[in-house]
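S.K.: Next up is a structure, given as structure tokens.
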Amino acid sequence: MMTRFKSLDIFRGFTLAAMILVNNPGNYHHVFPPLEHSIWHGCTFTDLIFPFFLFAVGNAMAFSLKNSDQLAPTRYWNKILKRTIILFLLGLFLNIFPFAEWNSLHQLEWIPFAKYRYFGVLQRIAICYFSTAMILYYFRAKGAAVISIFLLLLYWLICYYGNPADPYSLEGWFGTTLDIRIFGASHLYHGEGTAFDPEDVWSVFPAISQTIFGYITGKYIIQKLTGKSELMNLFVVGLVFILVGYLWSFAFPINKKIWTSSYCVFTTGIAISFLGILIYLIEFQNIRGIFYTVFDDFGRNTLFIYCLSGLIPTICSFILIGDKHQNLWNFSYHFLFDGWHNQQLSSALFALLFVALNWLIAYYLRKKKIYIKI
């Protein structure tokens, strides 16, 4: 039985580093295809990152909640609610910070409440964390496994019957119509050129299943994984998930933006397989190196570094310099990479430099033994 699971920190740290990389290109018009989300259906490297995060959340819950049956109900729910509320509020804060924006005349204007986006990455993690904790509390692991499958099938049916004529397109997906009616178009994400939020409350059902799958994987590692035969079982499960997700995609396309059930199963399989590789290399072969150190540092203060990596570009984009036609973020990119002919490469290198900056902060925190958790 494994009492310490270092691979989880590395898995989580790798996922955070990858998220910072894909979120911060130097030029959004010049990005290598794997570092972009799929336009609609499909799955790129970038499309793996958020599912990996949710899988890691579930995995960590298997460790943090393994003695939860010994806690009084009040203490258990206080713990769960505290983390849920903090995560959700942090997500809202990142959405609306710095509470003002420059208008076309380069004058500051307060962002009106009508433009506040309710949903986001941390909000989804908060909902999945709370929902998984609630399901586990009342139904335990076996019941949670059944519920996770039920949620995947239920979401498939809702998507299809929500608009049978065109169920899986940007315009036809049922969730957007409900989001606009309930929350209003101005409170949704507009990155697709229209009011559509990929982190809304409807597509959260498969995301909850993904978190549960992460929990079950972590529980298996805690209770069963003692040697290479159990690790091989993990690989087999991962490959089965990948195959099932792929085959399901012929009926229910793999799609990150509406978080289809096939996407959940497919990316969970990749997460299980990748985690299995890390377990083999780190726990069984005891391999260490520079990447181990970097991802370990990221994995120790994941939430803090994630928030910081979102705040720094926002602050830099808020600071206008020179003739006010350029902000500090864009100026930094052009200062470093103006004249480069391969703009995709320069854009990726700028993102890597930003990853390195965040790692230096994570490294400093580790050296000072500062671990910021909720």
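Take the sequence shown: its position 204, counted from the start at 1, is 203 in numbering that gives the first Met the number 0, and no numbers get skipped.
Glycine included, C-beta positions come from ideal geometry on N, C-alpha and C.
1) For residue 224, report the span of its beta strand (DSSP E) as first-last.
2) Give me the DSSP bridge partner(s) of residue 108.
3) Going by DSSP in three states, residue 70 sits in which element: helix, strand or coil?
4) Using the DSSP secondary-structure output, state which residues sit across from residue 325 in a beta bridge.
5) Should the stretch 280-296 be regarded as contacting the stretch 5-22, the criterion being three or more beta carbon pairs within less than 8 angstroms?
6) What three-state label does DSSP hand residue 189 in the structure shown?
7) State the CB to CB distance for the pair residue 213 and residue 58, rounded to an integer number of angstroms; the pair is presumed to be in contact (CB under 8 angstroms).
8) Determine the DSSP secondary structure at residue 382, reduced to helix, strand or coil.
9) Output needed for residue 175: all residues of its chain with C-beta closer than 6 angstroms, excluding positions within five of it in sequence on either side, in chain order.
10) Hey, is the stretch 77-91 in contact with the stretch 117-124, meaning 3+ C-beta pairs nearer than 8 angstroms?
11) Which word fits residue 19, buried or exposed, when buried means at least 16 other C-beta atoms lie within 10 angstroms of its C-beta?
12) Determine contact between the stretch 223-243 and the stretch 177-187, defined as no fewer than three beta-carbon pairs at a distance below 8 angstroms.
13) May I have the straight-line CA-CA distance separating residue 188 from residue 351, to the nearest angstrom?
14) Beta-carbon within less than 7 angstroms of residue 100's beta-carbon, same chain only, minus the 5 sequence neighbours each way: which residues are those?
15) If you run the structure through DSSP and keep just helix, strand and coil, what is residue 250?
16) Run through the stretch 127-188 for me and flag every whole alpha helix (DSSP H) of 4 or more residues, listed as ranges in chain order.
17) Do residue 345 and residue 30 count as a contact pair if the criterion is CB distance below 8 angstroms?
18) Would you be able to state if there are at least three C-beta pairs under 8 angstroms between the stretch 149-163 and the stretch 258-271?
19) Could you name the residues of the same chain whose beta carbon sits closer than 7 angstroms to that of residue 243, not counting the 5 residues immediately before and after it, in chain order?
20) Buried or exposed: residue 82, going by 16 or more other Cβ atoms within 10 Å of its Cβ?
21) Compare the beta carbon distance of residue 140 and residue 215 with 8 angstroms and say whether it is the shorter of the two.
22) Put residue 279 into one of helix, strand or coil per three-state DSSP.
23) As a quick exercise: from 363, 336 and 357, pick the residue whose alpha carbon is nearest that of residue 25.
24) I'd like the list of long-range same chain contacts for residue 167, defined as Cβ closer than 6 angstroms, with 5 residues on each side in sequence excluded.
25) For a minimum of 3 consecutive residues, which ranges assigned as the beta strand (DSSP E) are wholly contained in the stretch 19-103?
26) Taking just the CA atoms, how far does residue 228 sit from residue 68?
M.R.: By the coordinates alone:
1) Sequence index remark: in the sequence shown, residue 224 carries index 225 (1-based). That residue, residue 224, is in no beta strand (DSSP E); it is neither H nor E in DSSP.
2) For this step, residue 108 is matched to residue 109 along the sequence shown. Residue 108 pairs with 100.
3) As a working mapping, residue 70 is identified with position 71 in the sequence shown. DSSP places residue 70 in coil when its eight states are reduced to three.
4) Working through the sequence shown from its first residue, we reach residue 325 at position 326. Looking at the DSSP assignment, residue 325 forms a beta bridge with 320.
5) yes
6) The residue labelled residue 189 in the question sits at position 190 within the sequence shown. Residue state, collapsed to three classes: coil.
7) Along the sequence shown, one-based indexing puts residue 213 at 214. Along the sequence shown, one-based indexing puts residue 58 at 59. The Cβ separation is near 4 angstroms, so the contact holds.
8) Any question about residue 382 goes unanswered here, given that the chain covers just 0 to 373.
9) Here the question's residue 175 lines up with position 176 in the sequence shown. The answer, listed in chain order, is 195.
10) yes
11) For the purposes of this step, residue 19 is taken as residue 20 along the sequence shown, with counting starting at 1. Residue 19 comes out buried.
12) Touching, no.
13) Along the sequence shown, read from residue 1 onward, the residue named residue 188 stands at position 189. Along the sequence shown, read from residue 1 onward, the residue named residue 351 stands at position 352. Straight-line Cα distance between these residues: approximately 26 angstroms.
14) Here residue 100 refers to the residue found at position 101 of the sequence shown. Excluding sequence neighbours, residue 100 sits near 108 and 110.
15) In the sequence shown, residue 250 corresponds to position 251, counting from 1. Three-state result, residue 250: coil.
16) 173-182
17) Counting from one through the sequence shown, the residue named residue 30 turns up at place 31. Counting from one through the sequence shown, the residue named residue 345 turns up at place 346. The criterion of a C-beta distance shorter than 8 angstroms is not satisfied by residue 30 and residue 345.
18) yes
19) Position 244 of the sequence shown, counting from 1, holds the residue named residue 243. Hits under 7 angstroms: 264.
20) Translated into positions along the sequence shown, residue 82 becomes position 83. So residue 82 counts as buried.
21) Taking the first residue of the sequence shown as position 1, residue 140 is located at position 141. Taking the first residue of the sequence shown as position 1, residue 215 is located at position 216. Yes, they are a contact pair.
22) Indexing the sequence shown from 1 puts residue 279 at position 280. Residue 279 falls in the helix class under three-state DSSP.
23) Here residue 25 refers to the residue found at position 26 when the sequence shown is read from its first residue. Comparing Cα positions, the closest option is 336.
24) Position 168 of the sequence shown holds residue 167. Contacts found: 252.
25) 99-101
26) Here the question's residue 68 lines up with position 69 in the sequence shown. Here the question's residue 228 lines up with position 229 in the sequence shown. Straight-line Cα distance between these residues: approximately 30 angstroms.
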